[in-house]
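Here the structure comes first, spelled out in structure tokens, and everything after it is commentary.
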Amino acid sequence: MPPKATPAKPPTREELEGVLAALTLKDDYVLRDAHPRPGFGTLGQKITVDANMFQVNYNKAKNTSIAHYDVDIAAVVKTKDQKMPKPLAAKIWAQAIRDNQGAPDKKAFADSAFDLQKNIYTTSPFEMGPNGKKEIQVALPEQGRELDDSRRFKLTLQLANQVDLNAVMRFCKKEKQSVQEIETVLTAIQAVNILLRDNPAQRFTPIGARGRFFGMDGSVPISNGGLVARGFAQSFRPTESGFPAIQLDTAYTALIKPGPIMNVIPEILGLSGGGGGDRGGRGGRGGPRGGRGGPRGGGPGGPPGHAPVLNELSPDQIRRITKVLRQARFTLPYKQSERTFSIKSISRKPASDITFVMTGRDGAADQSIGLVQYFKQQFNITIQKPRLPCIVYGRNFMVPLELVVLCDFNRWPFTAMTGDQAADMIRVAAQKPMDRSAAIKQWRQKLDYGNLPKLKSWGLEVNPNMMRVDARVLPTPKVTYNQGKTLNCQFGGWNLKGVRFTRPAPSSLKSWSVISFDNRFQVGDMQQFIGFLVQTMKQYGVLVDNGQPPCITGNPQRLAEGLKEAARAAYMSAKADPQLIVVLMPRKDVAMYQSIKNIAAMGLKSFVTTQCLQTQKLRNDRGLDQYCANVAMKIQSKLGGVTHEVPVPQVFDKTTMMVGADVTHPPGGGNQASIAVTVAGLDGDNVRFEPGIRLQDPRTEIIADLENLMFNHMKTFEEKTKSPPQKIIFFRDGVSEGQYAEVCKKEVQAIRAAAARFGTGMYKPKITFVICAKRHNMRFFPIKAEDADRTGNLKPGTVVDSKVTHPFAFDFYLQAHAGLQGTARPTHYIVLADDNAFKADTMQMLCNHLCYSYARATRAVSIVPVAYYADIIATQCRYLAYIDDESDVATSLSGSTQQPGPTIDPFLIAKRFQNSPSRRFAWYM
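Just so we're aligned, residue 1 is where the sequence shown starts under the UniProt record's numbering, counting upward by one.
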């Protein structure tokens, strides 16, 4: 076991602020401009938990000084694209190590860790030339190709710095450090993370960032040609325990099935037969699209159905497969080469209709030739399916589909996942806490840090056991309903029985209608259901004037036409602008849902709030009461009412405004706008919120127009309370790691600038700026059975603010909610600015209490609702702002370059709400 840390004299607050101001690294554990920790929390029942962190110590007998070299890799034959692909860089350096096994500085090669870009770290120095540089020539053979100059490379190494790994240990022990020492900490953490990736990169496949590696062993087929691959994520980070640690977690990713693309496309399109996964018959569950698989959720599926014969593809089918396959890597076996290529697009024309001009050789004239003829003439290949389109790759080269083989480990685009695939993914990845803990321990054994030669040479010793840390279970808040009735919460939830919602909507429900896009759910069915729903809504206190809204049917192929008719029917029934359209869908259909939201917001005369329901849930009396109660909560919120409240003593007064903010980015790296959202309390009660929405430049993390958004929120608050807010608590979601400091600095400045516009010079609200991070790999596991709930997760309200947290910064992990499926993920709260000088207990209690105030649920949620609302609005706005545009396919075929990004109107969505009374209601719920 590593020795216990020797207590060090705590730095002063000024010293801490000086140290923190110097920190910057692309990791949420090393922060710049973070607010120093005010102390540790004490409230709640004390327990001990396991964390998926493995403590690291340094072998004192080893030299902890690491040489850092800058490396440049250049091809002997210069190419237009000088950016070196990481897989190629890895092969080049591996060949350099093999070539220098007998060199005098072979240990420097053997102990090296390379980031595959510009940095190499090693324990021993390289022998340098007289110019202070080391030049290495590497020839990289490739199967099926003669070794020529295109496979020869020159590496140039130059010493950049010496890195003391002990700097990280001193940082963890909170020793006073200079700015120069802090820079060493950052470089040392980066070096160790690169070292940790060295061995796994030879055994597994890295995918994405954050040290995630995957293998094909144990991968699980899912619907529509997908696979779920299992893997792990690891990272080295400083902790408050006095030691650094390796964080290790299980990881999952969705992939496209490898193999001949002609076998995969039918599955993507849902044309293949049944069989496959353990849900049985994913080909169609007895519908017209499938084979003979078992029932959903039943036993193993039947044998795979016969693959359909693909002879041609419709424009819609080409659009669908392009969405999945764009950027996927593939090989061309007819070239007899290991080389891989990336799919740029898929042609709209079939191979038989594509011609191009082939440059003449040896003085011969150029000639026009058909693609099919070209492959016969050049390669003696007869294209069997000439009416199918082609893959477009490289400099607009084309190859018929039947010649393409998809590589392993092509990621399935998140935005192209179907509802069934998402359900499959959750089914595979949702491990119970005991199972996840066991899987992490298995990965720890597989990685076998103690026997890795490079880790030994670097002097790193990794504890085989998870870290045990102190935790506390915070007291559960009271939930308040109408007339002050309070409910006690058990296991993070409560029951609506016998209560009425807290505050009615500003106006009762009068102008509304119902439309069914399910031809099996006709007017009589709608009237019967709506009668029950109205009864339920009135039972809980929703104000309903018109209990018999018009019910109409619509054609699912003509959604816009149907919604316009529904809006007209609502207006005619009440002679007032529509307040709500209830839309009945036959089943969960993401595309249909997105279209409905888009049309209701952007395609009608004015914005109309919608409530989508699935008719399959309305036909079953069992559970209908609860379903309608949930719908009543949503409608109450959408009309501007309040369902319940959670008092937060010692924090809120009538001068406090709570704000949530999020930024979401366009799918697939597109050039469409990013969407910035703020949500702010209308008054000091902070139970009704007004959103602000802006479109901004793609991939911009900072909210560009935050000053105007916050000024508008402050003015609204002033209108309601006669005074602008004196305290602002700002919860920020959607920030990628490495951006914390910059986002905090610029967005706090924007809030202060908004306050300055009030012109008094005396108005300076106290601002607390908190990051809410969900995309992290920290997990906690109960040790004793009495500390777990019925699912095996820790009890709601479990908080950890020591040992595995940041050595200096004010941060904590809070699992406010009950884990319903798999292992619960806590939210990581990082307080980056705090004029209000919150104590640890006060901030932790505030976040825990707020998680019980989510408007449309009778259970605690995992993140403070005001940040959750911002995330929901950003997601809803994706349906309004992003259009599935395949225009780049056409440009690639014509040989033109990609068109520049569109001119962005920041108010494109916001102006649809500016004259709508719903703008201050929770229409997004």
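Ideal Cβ placement from N, Cα and C applies to all residues, glycine included.
What are the boundary residues of the alpha helix (DSSP H) that includes residue i?
{"i": "I318", "result": "P315 to L325"}
{"i": "L543", "result": "From DSSP, L543 is part of no alpha helix (DSSP H); its letter is neither H nor E."}
{"i": "G562", "result": "L559 to A574"}
{"i": "P453", "result": "P453 to W458"}
{"i": "P782", "result": "It is not in any alpha helix (DSSP H) - P782 instead sits in the beta strand (DSSP E) that spans F780 to P782."}
{"i": "D435", "result": "P433 to L447"}
{"i": "T187", "result": "V179 to R203"}
{"i": "D99", "result": "K86 to D99"}
{"i": "Q378", "result": "L371 to F379"}
{"i": "A108", "result": "K106 to A110"}
Is it the case that the Cβ atoms of residue i and residue j are separated by a distance below 8 Å?
{"i": "Q844", "j": "L460", "result": "no"}
{"i": "I904", "j": "L709", "result": "no"}
{"i": "V677", "j": "I369", "result": "no"}
{"i": "T842", "j": "V651", "result": "yes"}
{"i": "K581", "j": "I515", "result": "Strictly speaking, residue 581 in this sequence is Ile, with Lys absent from that position. Going by C-beta atoms, I581 is nearer than 8 Å to I515."}
{"i": "S802", "j": "D470", "result": "yes"}
{"i": "F913", "j": "G640", "result": "no"}
{"i": "C390", "j": "I343", "result": "no"}
{"i": "V646", "j": "L850", "result": "yes"}
{"i": "F780", "j": "A51", "result": "yes"}
{"i": "I47", "j": "D787", "result": "yes"}
{"i": "V804", "j": "L814", "result": "no"}
{"i": "S674", "j": "T700", "result": "yes"}
{"i": "K766", "j": "K720", "result": "no"}
{"i": "A233", "j": "K323", "result": "no"}
{"i": "F409", "j": "I207", "result": "yes"}
In the DSSP assignment, what residue or residues form a beta bridge with residue i?
{"i": "L155", "result": "I73 and I136"}
{"i": "A818", "result": "For A818, which the question treats as bridged, DSSP gives no partner whatsoever."}
{"i": "T415", "result": "None, per the DSSP bridge assignment."}
{"i": "G259", "result": "L406"}
{"i": "F810", "result": "V831"}
{"i": "F232", "result": "F213 and T250"}
{"i": "C390", "result": "P400"}
{"i": "N57", "result": "E461"}
{"i": "D164", "result": "S65"}
{"i": "V861", "result": "V861 pairs with nothing; no bridge assigned."}
{"i": "M658", "result": "I729"}
Using 10 angstroms around the beta-carbon of residue i, count the other beta-carbons present and answer buried if the total reaches 16, otherwise exposed.
{"i": "D621", "result": "exposed"}
{"i": "R98", "result": "exposed"}
{"i": "R468", "result": "exposed"}
{"i": "T775", "result": "Strictly speaking, residue 775 in this sequence is Arg, with Thr absent from that position. It is exposed - the Cβ of R775 has fewer than 16 other Cβ atoms within 10 Å."}
{"i": "Y334", "result": "exposed"}
{"i": "E707", "result": "buried"}
{"i": "V30", "result": "Unreliable positioning characterises V30 in this predicted model, as indicated by a pLDDT of 49, which lies under 50. The coordinate reading is nonetheless provided below. It counts as buried."}
{"i": "K911", "result": "exposed"}
{"i": "F243", "result": "buried"}
{"i": "R587", "result": "exposed"}
{"i": "R878", "result": "buried"}
{"i": "T359", "result": "exposed"}
{"i": "L371", "result": "buried"}
{"i": "D366", "result": "exposed"}
{"i": "P130", "result": "exposed"}
How is the beta strand (DSSP E) around residue i delimited, first residue to last?
{"i": "D217", "result": "R212 to I222"}
{"i": "L255", "result": "A245 to I256"}
{"i": "Y121", "result": "N119 to T122"}
{"i": "D841", "result": "First-last for D841: A840 to L850, but that is the alpha helix (DSSP H), not the beta strand (DSSP E)."}
{"i": "Q548", "result": "Unbroken run through Q548: none, as it is neither H nor E."}
{"i": "R732", "result": "K727 to R732"}
{"i": "I767", "result": "K766 to A773"}
{"i": "V582", "result": "L580 to M585"}
{"i": "F356", "result": "T355 to M358"}
{"i": "P350", "result": "F341 to P350"}
Give a yes or no on whether the minimum CB-CB distance between residue i and chain E is below 8 Å.
{"i": "G270", "result": "Looking for chain E here will not work: only one protein chain is present."}
Length at least 3, wholly inside the region 463-515: the beta strand (DSSP E) runs in chain order: The qualifying runs are 467-473.
Segments of 4+ residues assigned as alpha helix (DSSP H) that fall wholly inside the region 596-656: The qualifying runs are 624-638.
Every unbroken alpha helix (DSSP H) within the region 675-760, with a cutoff of 4 residues, ordered by chain: Along the length of the region 675-760, whole alpha helix (DSSP H) runs at least 4 residues long occupy 706-721 and 740-756, reported in chain order.
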